[in-house]
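Using the numbering used here, the letters of the sequence shown correspond one by one to residues 71 to 309.
C-beta: ideal position from N, C-alpha, C; glycine also.
Note that the structure is a prediction, hence the values are computed from the model and not measured.
For reference, the structure discussed in these notes is given below.
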Amino acid sequence: MTANTALNATPVPAAIGPVILLGAPGAGKGTQAKLVAARYGIPQISTGDILRDNVARGTELGKKADSVMKSGALVADDLVQPMVADRLGRLDCDHGFILDGFPRTVGQAEWLDKYLASRSFGGRVRRPVVINFDVGYNQLLQRLTGRRSCPVDGKIYNIYSQPPQKEGMCDSCGSPLVQRKDDREEVISERLKEYGRQTLPLVDYYRRQGSLHEVNGELSVEQVTRQTLDVIEGPAGER
Ligand code: AMP
71 MTANTALNAT PVPAAIGPVI LLGAPGAGKG TQAKLVAARY GIPQISTGDI LRDNVARGTE
131 LGKKADSVMK SGALVADDLV QPMVADRLGR LDCDHGFILD GFPRTVGQAE WLDKYLASRS
191 FGGRVRRPVV INFDVGYNQL LQRLTGRRSC PVDGKIYNIY SQPPQKEGMC DSCGSPLVQR
251 KDDREEVISE RLKEYGRQTL PLVDYYRRQG SLHEVNGELS VEQVTRQTLD VIEGPAGER
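Here is the structure:
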């Protein structure tokens, strides 16, 4: 993969508000969240990653979530919300954080609004900057079926559009790349339906709040990064 020059375009601001990335599975939330988190030195909080880690470790939460995730459905709000509260309660979130894959239901968004209003981050109450990556259905399908990731450093590739230099191997550490269990075609269509039913309404939810920013997620990774940073560091982020 080539270097993403959008990341060294401008100096890094001292603190940024909570950033929420919205978009369908495969819209690029994880890829962009990693880049943005690294630029600002803030944590990327991916509920999908935390749940997969719980499944891999065989925790109680992981046991409950495993079959739901394999089916492409959403894990219940009352399991996910305490998990997020626990993560946001850590000190490293005080100077900002980026949420990728949460909230995913209107119930989760309402819960998050209350949570953010109830605590201050680094002494300031901050409203979230919400960025929606819009990507068409066919493009999503290609991205999800082609997605491979490195189990060691989490780098994400796509066999069609962002292949590793050596087939099947991570560019950075050489580990064999893996395909997520839920990126198989039979599960993908269920995940996209679930997105339409449960998560798409969040676009209107945040639009009504005046926090929504739209980015065309079909542009190149670098262009999407640039537009995402413009939103975060522009007037929306200066609060
Ligand atoms: P992701 O890695 O974001 O695509 O998430 C993978 C799977 O984890 C989803 O299909 C859901 O089953 C589950 N999941 C992730 N985030 C959430 C969430 N905020 N609420 C409910 N389920 C979630």
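What is the DSSP secondary structure of Arg174, counted as helix, strand or coil?
In the sequence shown, counting from the first residue as 1, residue 174 sits at position 104. Looking at Arg174 - three-state DSSP - the assignment turns out to be coil, as it is neither helix nor strand.
Anyone know if the C-beta pair for Asp204 and Asn286 falls short of 9 Å?
By one-based count along the sequence shown, residue 204 stands at place 134. By one-based count along the sequence shown, residue 286 stands at place 216. Yes.
Is Arg127 buried or exposed, if buried means 16 or more other CB atoms sit within 10 Å of its CB?
Residue 127 sits at position 57 when you count from the first residue of the sequence shown. So Arg127 ends up on the exposed side.
On a Cα-Cα basis, can you pick out the residue from Gly177, Gln297, Ile120, Asp162 that is closest to Ala146?
By one-based count along the sequence shown, residue 146 stands at place 76. Minimum Cα distance to Ala146 is reached at Gly177.
Looking only at its own chain, which residues have a Cβ that is under 7 Å from the Cβ of Gln209, when we skip the five neighbours before and after it?
Position 139 of the sequence shown, counted from the first residue, corresponds to residue 209. Closer than 7 Å at Cβ, skipping near neighbours: Glu288.
My output table needs one value for Tyr54: the three-state DSSP class, helix, strand or coil.
Since the first and last residues shown for the chain are 71 and 309, residue 54 lies out of range.
Hey, would you say the C-beta of Ala135 is under 8 Å away from at least one heavy atom of the ligand AMP?
Here residue 135 refers to the residue found at position 65 of the sequence shown. Yes.
N- and C-terminal bounds of the beta strand (DSSP E) containing Ser137:
Here residue 137 is taken as the residue at index 67 of the sequence shown, counted from 1. Ser137 -> not in any beta strand (DSSP E); alpha helix (DSSP H) instead, spanning 130-141.
Could you tell me if the beta carbon of Gly266 falls within a distance shorter than 8 Å of some heavy atom in the ligand AMP?
By 1-based counting over the sequence shown, the position of residue 266 is 196. Checking the Cβ of Gly266 against the ligand AMP gives no.
Lys99 burial status per 10 Å Cβ neighbour count (16 or more: buried):
Numbered from 1 along the sequence shown, position 29 holds the residue referred to as residue 99. The residue is buried, with at least 16 neighbouring Cβ atoms inside 10 Å.
From the DSSP output, which residues share a beta bridge with Met239?
Position 169 of the sequence shown, counted from the first residue, corresponds to residue 239. According to DSSP, which records beta bridges pairwise, Met239 is partnered with Pro246.
Within a Cβ cutoff of 7 Å, which residues of the same chain sit near Arg174, ignoring the five residues on either side of it in sequence?
Taking the sequence shown and counting its residues from 1, the one referred to as residue 174 is at position 104. Taken in chain order, the residues that qualify are Leu144, Gln268, Thr269.
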